[in-house]
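Notes follow once the structure below has been shown.
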Amino acid sequence: MIFIFSDFGINGPYSGAMRSVVMRMAPAVPVCDLMVDAPDRNPKAASYLLAALCCEFKPGDVVLAVVDPGVGSTRKGVVVQSDGVSFVGPDNGLFEIIMRRGKDVSMRTIDWMPDDPSASFHGRDIFAPVAAMIATDTSFETSPMVAKDRNITAQGWLDELAEVIYVDTYGNLMTGLLAQKMSDQLMLNNQVIAGARTFSDVNLGEGFHYRNSIGLCEIAVNCGRADQQFDAVIGTAVAKHRLDDNNL
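Numbering (my numbering), first residue to last: 5 to 252.
Okay, here's the thing in structure tokens:
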């Protein structure tokens with residue numbers, strides 16, 4: 005299967021144009037739009053989210069991942085192999101957390117280029133064709149890239165990100181933290197948030213944090229919007245706090 009992960013959104017031609025290349029070049033391979041609303045032009049937040057979504061992939065899958073504010077710059081295009089799954093996209097940190105958490109990992113620079121690629125749409129012109137070629141076992145030009153040569157800025161990122169990395173359609177706040185114990189508390193915009201197992205375990209309108217379906221610590225409000233109740237957006241800081249701590 006080919007999974008697509010991007011920040012293109014559903015409006016405009018971008019998602020459809022990139023998807024059409026994959027479907028035309030690999031017509032026998034199922035294509036799944038996993039996310040088209042990844043953190044907007046934010047490879048760092050997207051990196052933690054994509055790593056958590058690895059639970060959806062199986063060996064042999066190809067993930068076409070494009071969150072690429074530096075398109076057309078000197079940043080390289082890469083193919084990352086992690087535990088049997090191929091990830092295609094820009095070397096801007098998007099695959100940093102996947103590489104850290106994988107057991108069998110390799111990275112190659114994409115040397116193949118179409119005849120006349122757009123300077124601003126490598127997702128359609130470079131990454132989509134490469135994803136299709138991988139899915140159909142078609143050869144293309146690459147060269148080895150050792151892990152230490154990947155995006156320098158991303159190498160300084162922490163293993164977990166204590167920030168909101170995604171706001172879903174219900175206003176729930178996914179964080180870059182791996183799921184906390186329910187006995188732990190979190191601090192978000194000077195508000196203390198206790199843990200619970202699921203929505204029905206708290207009162208209507210009450211905020212809580214819980215382990216979401218992809219293993220991240222998520223903040224929600226039972227039948228409400230956590231983004232509004234806690235005045236939070238992507239990038240808002242979240243602090244860990246245990247009940248036995250003396251300070252928040």
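C-beta atoms are modelled at their ideal positions from N, C-alpha and C, and glycine is treated no differently.
Starting from the C-beta of residue i, find all residues in its chain whose C-beta is less than 7 Å away, skip the five residues before and the five after it, and write them out in chain order.
i: Ala132; result: Met22, Val25, Val26, Leu68
i: Gln195; result: Phe234
i: Leu54; result: Phe9, Ala69, Leu98, Ile102
i: Glu145; result: Asp115, Trp116
For residue i, I'd like the list of residues in its chain whose CB is within less than 6 Å of its CB, leaving aside the five on either flank, ordered along the chain.
i: Ala123; result: Gly76
i: Gly127; result: Met22, Val70
Is the beta carbon of residue i sitting closer than 9 Å to the one on residue j?
i: Val83; j: Val134; result: yes
i: Tyr52; j: Leu177; result: no
i: Asp11; j: Pro43; result: yes
i: Met111; j: Met149; result: yes
i: Gly81; j: Val92; result: yes
i: Asp72; j: Ser86; result: no
i: Phe61; j: Met39; result: no
i: Met191; j: Ala230; result: no
i: Gly239; j: Gly228; result: no
Identify which residue in the options has its Cα closest to the Cα of residue i.
i: Ala166; options: Ala236, Phe125, Thr146; result: Ala236
i: Asp120; options: Cys58, Ile130, Gly228; result: Ile130
i: Gly88; options: Glu100, Gly106, Gly64, Leu192; result: Gly64
i: Ser217; options: Arg28, Cys58, Arg105, His245; result: Cys58
i: Asp188; options: Ile114, Met39, Tyr214, Leu54; result: Tyr214
i: Thr78; options: Phe144, Ser19, Ile238, Ile114; result: Ile114
i: Met226; options: Met186, Gln184, Gly175; result: Note on residue identity: the sequence assigns Asn, not Met, to residue 226. Minimum Cα distance to Asn226 is reached at Gly175.
i: Lys48; options: Ile223, Ala224, Ser204, Asp163; result: Asp163
i: Ile182; options: Arg105, Ser90, Asn15; result: Residue identity differs from the one stated: residue 182 is Leu in this sequence, not Ile. Among Arg105, Ser90, Asn15, the Cα nearest to that of Leu182 belongs to Arg105.
Using a Cβ-Cβ cutoff of less than 8 Å, which residues in the same chain neighbour residue i once the five nearest sequence positions on both sides are dropped?
i: Glu100; result: Ser51, Arg154, Asn155, Ala158, Gln159, Trp161
i: Met117; result: Ile130
i: His245; result: Asp188, Gln189, Leu190, Met191, Val196, Leu252
i: Gln232; result: Gly175
i: Gly13; result: Ser19, Val40, Asp41
i: Asn193; result: Phe234, Asp235, Ala236, Thr240
i: Cys36; result: Met5, Ile6, Phe7, Ile8
Pull up the distance between the alpha-carbon of residue i and that of residue j, whole angstroms please.
i: Leu208; j: Gly199; result: 15 Å
i: Asn46; j: Gly97; result: 10 Å
i: Arg201; j: Ser19; result: 35 Å
i: Gly184; j: Glu222; result: Checking the sequence shown, residue 184 turns out to be Gln, not Gly. Spanning the two alpha carbons is a distance of roughly 9 Å.
Would you be able to state if there are at least three C-beta pairs under 8 Å between the stretch 163 to 181 and the stretch 137 to 149?
-> The answer is no - the stretch 163 to 181 does not touch the stretch 137 to 149, with fewer than three Cβ pairs under 8 Å.
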